[in-house]
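Enquirer:
2 protein chains.
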Amino acid sequence: MQKLVAHALLRDAAYQHTSTPVISGQTMLTYAGIYERAVRLASSLHRLGIRPGTVVGVIDVNTYRYFELHFALSMLGAVIHTVNFRLPLDTLIWTLQHAKDEWLFIGEGFGDLSATLAPVVGHVVQMGGAQAVSPDRDYEELIRDGTDQEPDIAASVDPSDPFSLFYTTGTTGRPKGIRYTHQQMLSGALQIAHHLGLYDTGAHLSAHDVMMPLIPFFHIHGWGAPFIAPYIGAALVLPERSDPAAQRALIHRHRVTWSNMVPTQLVMLLDGAADPLPLKVLTGGSPLASGLAHRADSRGVRFSLIYGGSDQLGSAISTAPGLSGEARVNQLASRVTPFPMVRMEIRDAAGQPVPANGASLGEAWIESPWLPAGYVDNAEASNRAYVDGWFRSGDLAVRYPDGRIAVMDRLNDAIKSGGEWIAGSTIESVISEIPGVHGVAVIGIADARWGERPKAIIAADRDVSTSLVQQALNEAVQQGRLAKFWLPDTLQFVETLPMTSAGKINKAKLREIHNEQ
Amino acid sequence: MQKLVAHALLRDAAYQHTSTPVISGQTMLTYAGIYERAVRLASSLHRLGIRPGTVVGVIDVNTYRYFELHFALSMLGAVIHTVNFRLPLDTLIWTLQHAKDEWLFIGEGFGDLSATLAPVVGHVVQMGGAQAVSPDRDYEELIRDGTDQEPDIAASVDPSDPFSLFYTTGTTGRPKGIRYTHQQMLSGALQIAHHLGLYDTGAHLSAHDVMMPLIPFFHIHGWGAPFIAPYIGAALVLPERSDPAAQRALIHRHRVTWSNMVPTQLVMLLDGAADPLPLKVLTGGSPLASGLAHRADSRGVRFSLIYGGSDQLGSAISTAPGLSGEARVNQLASRVTPFPMVRMEIRDAAGQPVPANGASLGEAWIESPWLPAGYVDNAEASNRAYVDGWFRSGDLAVRYPDGRIAVMDRLNDAIKSGGEWIAGSTIESVISEIPGVHGVAVIGIADARWGERPKAIIAADRDVSTSLVQQALNEAVQQGRLAKFWLPDTLQFVETLPMTSAGKINKAKLREIHNEQ
Numbered sequence: 009m010q011k012l013v014a015h016a017l018l019r020d021a022a023y024q025h026t027s028t029p030v031i032s033g034q035t036m037l038t039y040a041g042i043y044e045r046a047v048r049l050a051s052s053l054h055r056l057g058i059r060p061g062t063v064v065g066v067i068d069v070n071t072y073r074y075f076e077l078h079f080a081l082s083m084l085g086a087v088i089h090t091v092n093f094r095l096p097l098d099t100l101i102w103t104l105q106h107a108k109d110e111w112l113f114i115g116e117g118f119g120d121l122s123a124t125l126a127p128v129v130g131h132v133v134q135m136g137g138a139q140a141v142s143p144d145r146d147y148e149e150l151i152r153d154g155t156d157q158e159p160d161i162a163a164s165v166d167p168s169d170p171f172s173l174f175y176t177t178g179t180t181g182r183p184k185g186i187r188y189t190h191q192q193m194l195s196g197a198l199q200i201a202h203h204l205g206l207y208d209t210g211a212h213l214s215a216h217d218v219m220m221p222l223i224p225f226f227h228i229h230g231w232g233a234p235f236i237a238p239y240i241g242a243a244l245v246l247p248e249r250s251d252p253a254a255q256r257a258l259i260h261r262h263r264v265t266w267s268n269m270v271p272t273q274l275v276m277l278l279d280g281a282a283d284p285l286p287l288k289v290l291t292g293g294s295p296l297a298s299g300l301a302h303r304a305d306s307r308g309v310r311f312s313l314i315y316g317g318s319d320q321l322g323s324a325i326s327t328a329p330g331l332s333g334e335a336r337v338n339q340l341a342s343r344v345t346p347f348p349m350v351r352m353e354i355r356d357a358a359g360q361p362v363p364a365n366g367a368s369l370g371e372a373w374i375e376s377p378w379l380p381a382g383y384v385d386n387a388e389a390s391n392r393a394y395v396d397g398w399f400r401s402g403d404l405a406v407r408y409p410d411g412r413i414a415v416m417d418r419l420n421d422a423i424k425s426g427g428e429w430i431a432g433s434t435i436e437s438v439i440s441e442i443p444g445v446h447g448v449a450v451i452g453i454a455d456a457r458w459g460e461r462p463k464a465i466i467a468a469d470r471d472v473s474t475s476l477v478q479q480a481l482n483e484a485v486q487q488g489r490l491a492k493f494w495l496p497d498t499l500q501f502v503e504t505l506p507m508t509s510a511g512k513i514n515k516a517k518l519r520e521i522h523n524e525q
Numbered sequence: 009m010q011k012l013v014a015h016a017l018l019r020d021a022a023y024q025h026t027s028t029p030v031i032s033g034q035t036m037l038t039y040a041g042i043y044e045r046a047v048r049l050a051s052s053l054h055r056l057g058i059r060p061g062t063v064v065g066v067i068d069v070n071t072y073r074y075f076e077l078h079f080a081l082s083m084l085g086a087v088i089h090t091v092n093f094r095l096p097l098d099t100l101i102w103t104l105q106h107a108k109d110e111w112l113f114i115g116e117g118f119g120d121l122s123a124t125l126a127p128v129v130g131h132v133v134q135m136g137g138a139q140a141v142s143p144d145r146d147y148e149e150l151i152r153d154g155t156d157q158e159p160d161i162a163a164s165v166d167p168s169d170p171f172s173l174f175y176t177t178g179t180t181g182r183p184k185g186i187r188y189t190h191q192q193m194l195s196g197a198l199q200i201a202h203h204l205g206l207y208d209t210g211a212h213l214s215a216h217d218v219m220m221p222l223i224p225f226f227h228i229h230g231w232g233a234p235f236i237a238p239y240i241g242a243a244l245v246l247p248e249r250s251d252p253a254a255q256r257a258l259i260h261r262h263r264v265t266w267s268n269m270v271p272t273q274l275v276m277l278l279d280g281a282a283d284p285l286p287l288k289v290l291t292g293g294s295p296l297a298s299g300l301a302h303r304a305d306s307r308g309v310r311f312s313l314i315y316g317g318s319d320q321l322g323s324a325i326s327t328a329p330g331l332s333g334e335a336r337v338n339q340l341a342s343r344v345t346p347f348p349m350v351r352m353e354i355r356d357a358a359g360q361p362v363p364a365n366g367a368s369l370g371e372a373w374i375e376s377p378w379l380p381a382g383y384v385d386n387a388e389a390s391n392r393a394y395v396d397g398w399f400r401s402g403d404l405a406v407r408y409p410d411g412r413i414a415v416m417d418r419l420n421d422a423i424k425s426g427g428e429w430i431a432g433s434t435i436e437s438v439i440s441e442i443p444g445v446h447g448v449a450v451i452g453i454a455d456a457r458w459g460e461r462p463k464a465i466i467a468a469d470r471d472v473s474t475s476l477v478q479q480a481l482n483e484a485v486q487q488g489r490l491a492k493f494w495l496p497d498t499l500q501f502v503e504t505l506p507m508t509s510a511g512k513i514n515k516a517k518l519r520e521i522h523n524e525q
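One line per chain: the protein sequences are A and B, in this order.
In terms of the working numbering, the first sequence is residues 9 to 525.
In terms of the working numbering, the second sequence is residues 9 to 525.
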């Protein structure tokens, strides 16, 4: 019986899409080649003692080795901990310890981490680059030494077995760990593909696309790309360690047609050159400012906005049936439709659904078949976030009469002024549309009378003046895009905005700085 | 937690695609309206004693009542037995008894069956039309009497609970019963939608299509259409009892864009008028003769061929990435790609894979996540067909170097001549391309020297002569489409070809008749 376990996807791809390319840097492989390497690796790792339930950490950019390692560990029933290497070192070490990693695989270019982390996990394997301390610690040696049959244990791995473990990048307190079974991770990831195939949207996906995931694997496995590509048999290009210029070169050289990235990465791709970028892009992780959306559109990028997160997987994607032109771009940049099998409700503080009028703000609650049981060893946070089978997202959203949902802000990032919510992301969108603005964040500043008042922090060219911004904001009020009381009391120009390790603007940091001023 | 059970699909559609139309005859409903009716019906049926595991038979054409009844029974954890009303009456009664149906729902126009079948099942409910014997036996009365909350039991129904039961229409011996859980039936049905969304094919499906399933619900729930439509939120048109002319009228009136049907139904739709038929059609159930394929294409029909069956659900669909014109039509009519998660192997009599050369014939073996455990109360047939987690399809097929598969014939229908297989379906394709040919079947006739020799039985206009057919066959030999020894020894013209209750040419019957002559 065929089972929904990760290595079944690769095994099938090797059988059915045998010579479809998997490209990574200078390395040209196929699904059949990757499968053979994964099998050999699994047999060696089995010999060395990796067993069902063993937690294995991986530190690497998106390479073919990281890709195939997913499936080798799946064959052993092991759990892959996709380590966020952008965390501060002490926090990174804390996650290795909290996850109880017994093995750690470190990619090329992270060589200096080996010595530091070896005492923490015991078994460190070098994935190319630096000289390994012993043959048993050299990745390619392990593959050469392997046998060409899946380990027997591979047939017993069950969809309900744990497979994936990673940590949230909360800006306050310790990260929270989340563990997914094969069934949860794969059904959640593959539903992204199903939605992109079945709905009229920008980043429409087909089995005949060439996919290049720019979301790092440590963010929910690059939003599921390493599972989606073999599942549908699409060609896969892995960007390895590449800057935006190199990424553009990969797109042209390998005729990449589909990618995923956070808005910050999209800005960098667009900034580097003025030529057209005919690419389908799945973006998300933070709201897509309308200025960026229109700029991307004018360069030929067709995009969709995905809504989801580490603790819920993907939940919704923007669609635009029957729309064209500006209406289509606005719709795709801002309003999402839940995946089939996902229920999203927007609820007020008392847990009651808010009216579906496109104006009443509430918190997004999510129910789906792939929600995790809770956070790892953190009952308090679990009980707060996972309630009666639903996930409280902590995201502020509105529901429209047509059932679409606009996610505005993190509740923590939202501004409460005189008892009313202000959606900073809408103000950010207005300011982002001004030519010369590179980045903007609107945050709440403590205010004796109103509780909080909005302040806009803007990174822009020198010719963007305060009065220009004020004029744009006033026009938005006249157009009904902003309520008058939403207008920021203060505008401040800065050189750069602080970012989190997930590539989002670090609003917690901004609030800290600007509330102290 | 959201679970993969049938009524969750309708509940979500009512919430997310509230006012999307569900049209059936003169009745215009929406997903919200259908859901309300299903809830009311379920609460009444619960009051009357339908419980988890109760088997409920349904005899009806594709109506909104049959549609909503699926979900009402799902809410109760009951099993829906989709009765094949085209079976001979004694066989039909045998299936009711074998399935242990406690209730039977009979649609409009089947009124005369109520009296006959009431003694067999005890509880008969009239779904409109004839006067019911008591209010508790009148379908609309049950809906009026219901409450507007799902019965409590609905929340406990599990994906692993049995949900669907139907019988094969084997041409020899008793039908075989097959029972599917929610998980199996829904994951199998929905994978059809996923495949049609993600691959370049003729019957490409999108959430924005208007679907009209012409496959009757008693054939694997109309190939899953009642689950697919609410799952993606597509508008649904139910044809009720309609002839091809009425079906064409429905297509035009409701702007139907997608349908499913067996090749015989497609012929009838095309025969009735000469105007374009801009429709996406999923077809299958028997090979698609290339004559019909090209005729359909020239009328604007874009089609895909699906391969599957009652005892395996859907397994593969034809795709044609990068192809256009005649090559595309030929490809879409003949070669299928397995669904993601489905493995198809073509094996010889010893169980070894045949070479993937497009010529070596073998039996198609299938492995998928939704294979049933076996036939109901039929260990002998189960053990023959379900082996080591695989399903032996009994279908003769070849595999091509690109991984695509052409299913040629039922093994039982295939012709063995001098120890070599002859694929009658290829000969049928050649003859079907001759203008004026309406139907053709090639069967094996016992032969003292060769074991069997092919004979072609042809239904055609009077001006199609024997020499015309022979000329076409000889050209096909010269083109390499047919081996010389495949040429039929005999051609016979007939008025009509006998059909099975599934709308396929009854080759068993033809073999019986023509081997006696």
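Glycine residues also receive a C-beta, built at the ideal position from the N, C-alpha and C atoms.
(1) Taking 8 Å as the threshold (beta carbon to beta carbon), is residue 349 of chain A in contact with chain B?
(2) Mind listing the chain B neighbours of residue 346 of chain A? Cutoff is C-beta to C-beta under 7 Å, in chain order.
(3) I want to verify the contact list: residues of chain E whose CB lies under 8 Å from the CB of residue 411 of chain B, in sequence order.
(4) Between residue 385 of chain B and the rest of its own chain, which residues show a CB-CB distance below 8 Å, the 5 nearest in sequence each way excluded?
(5) Label residue 330 of chain B either buried or exposed according to how many other C-beta atoms from any shown protein chain fall within 10 Å of its C-beta, with 16 as the threshold for buried.
(6) For residue 375 of chain A and chain B, any beta-carbon pair shorter than 8 Å?
(7) Using beta carbons (cut-off 8 Å, strictly below), is residue 288 of chain B in contact with chain A?
(8) With 8 Å as the threshold, decide whether the Cβ of residue 202 of chain A is near any Cβ in chain B.
(9) Strictly below 7 Å CB to CB, what residues from chain B border residue 208 of chain A?
(10) One question on the structure: do residue 238 of chain B and residue 11 of chain B come within less than 8 Å of each other, judged by their Cβ atoms?
(11) Taking 8 Å as the CB-CB limit, is residue 240 of chain B close to chain A?
(12) Compare the C-beta of residue 9 of chain A against all C-beta atoms of chain B and say whether one is closer than 8 Å.
(13) What three-state label does DSSP hand residue 493 of chain B in the structure shown?
(14) Taking 8 Å as the threshold, find out whether the region 360-369 of chain A comes into contact with the region 508-519 of chain A through three or more Cβ pairs.
(15) Compare the C-beta of residue 379 of chain B with all C-beta atoms of chain A and state if any pair is closer than 8 Å.
(16) What distance in whole Å lies between the Cβ atoms of residue 80 of chain A and residue 50 of chain A, which are believed to be in contact at a cut-off of 8 Å?
(17) Only counting runs of 3 or more residues, tell me where the beta strand (DSSP E) segments fall wholly within the region 237-311 of chain A, in order along the chain.
(18) Helix, strand or coil for residue 503 of chain A, going by three-state DSSP, please let me know.
(19) What in chain A is Cβ-close to residue 329 of chain B, meaning under 7 Å?
(20) My output table needs one value for residue 102 of chain B: the three-state DSSP class, helix, strand or coil.
(21) Residue 348 of chain B: which of B:16, B:156, B:113 and B:206 sits nearest, CA to CA?
(22) Quick check: the Cα distance between residue 135 of chain B and residue 113 of chain B, rounded to an integer number of angstroms?
(23) In chain order, what are the residue ranges of uninterrupted beta strand (DSSP E) at least 3 long that sit wholly in the region 126-165 of chain B?
(24) List, from N- to C-terminal side, the beta strand (DSSP E) runs of 3 residues or more that fit wholly inside the region 396-440 of chain A.
(25) Count the other CB atoms, across all protein chains shown, that sit within 10 Å of the CB of residue 260 of chain B; report buried if there are 16 or more and exposed otherwise.
(26) Mind listing the chain B neighbours of residue 12 of chain A? Cutoff is C-beta to C-beta under 8 Å, in chain order.
(27) Would residue 220 of chain A be called buried (16 or more neighbouring beta carbons within 10 Å of its own) or exposed?
(28) Using a Cβ-based criterion (distance less than 7 Å to any ligand heavy atom), does residue 184 of chain A qualify as near the ligand FMN?
(29) With a cut-off of 8 Å on the beta carbons, I'd call residue 536 of chain A and residue 92 of chain A a contact; round off their distance for me.
(30) Return yes when the Cβ of residue 229 of chain B is within less than 8 Å of the Cβ of residue 90 of chain B, no when it is not.
(31) Note down the Cα distance separating residue 393 of chain A from residue 201 of chain A, rounded to an integer number of angstroms.
(32) If you draw a straight line from the C-alpha of residue 52 of chain A to the C-alpha of residue 19 of chain A, how long is it?
(33) State yes or no: is the C-beta of residue 241 of chain B within less than 8 Å of the C-beta of residue 197 of chain B?
(34) Using a Cβ-Cβ cut-off of less than 7 Å, list which residues of the region 34-51 of chain B approach chain A; keep chain order.
Expert: With the structure as the only source:
(1) yes
(2) Under the 7 Å cutoff, chain B gives 24.
(3) Structure shown: chain E not included; protein chains present are A and B.
(4) Result list for residue 385 of chain B: 106 and 185, in chain order.
(5) The Cβ neighbour count for residue 330 of chain B, taken over all protein chains shown within 10 Å, is under 16; the residue is labelled exposed.
(6) With 8 Å as the cut-off, residue 375 of chain A counts as an interface residue toward chain B.
(7) no
(8) yes
(9) 214 and 216
(10) no
(11) yes
(12) yes
(13) helix
(14) no
(15) yes
(16) Here residue 50 of chain A really is in contact with residue 80 of chain A; their C-beta atoms are around 4 Å apart, less than 8 Å.
(17) 243-246, 266-269 and 288-292
(18) coil
(19) 216
(20) helix
(21) B:206
(22) 7 Å
(23) 131-135
(24) 398-407, 413-418, 423-425 and 428-430
(25) exposed
(26) 349 and 377
(27) buried
(28) The ligand FMN is not part of the structure shown, which contains no ligands of any sort.
(29) The requested residue 536 of chain A is not part of the displayed model; chain A covers only 9 to 525.
(30) The Cβ-Cβ distance between residue 90 of chain B and residue 229 of chain B falls below 8 Å.
(31) 27 Å
(32) 18 Å
(33) no
(34) none
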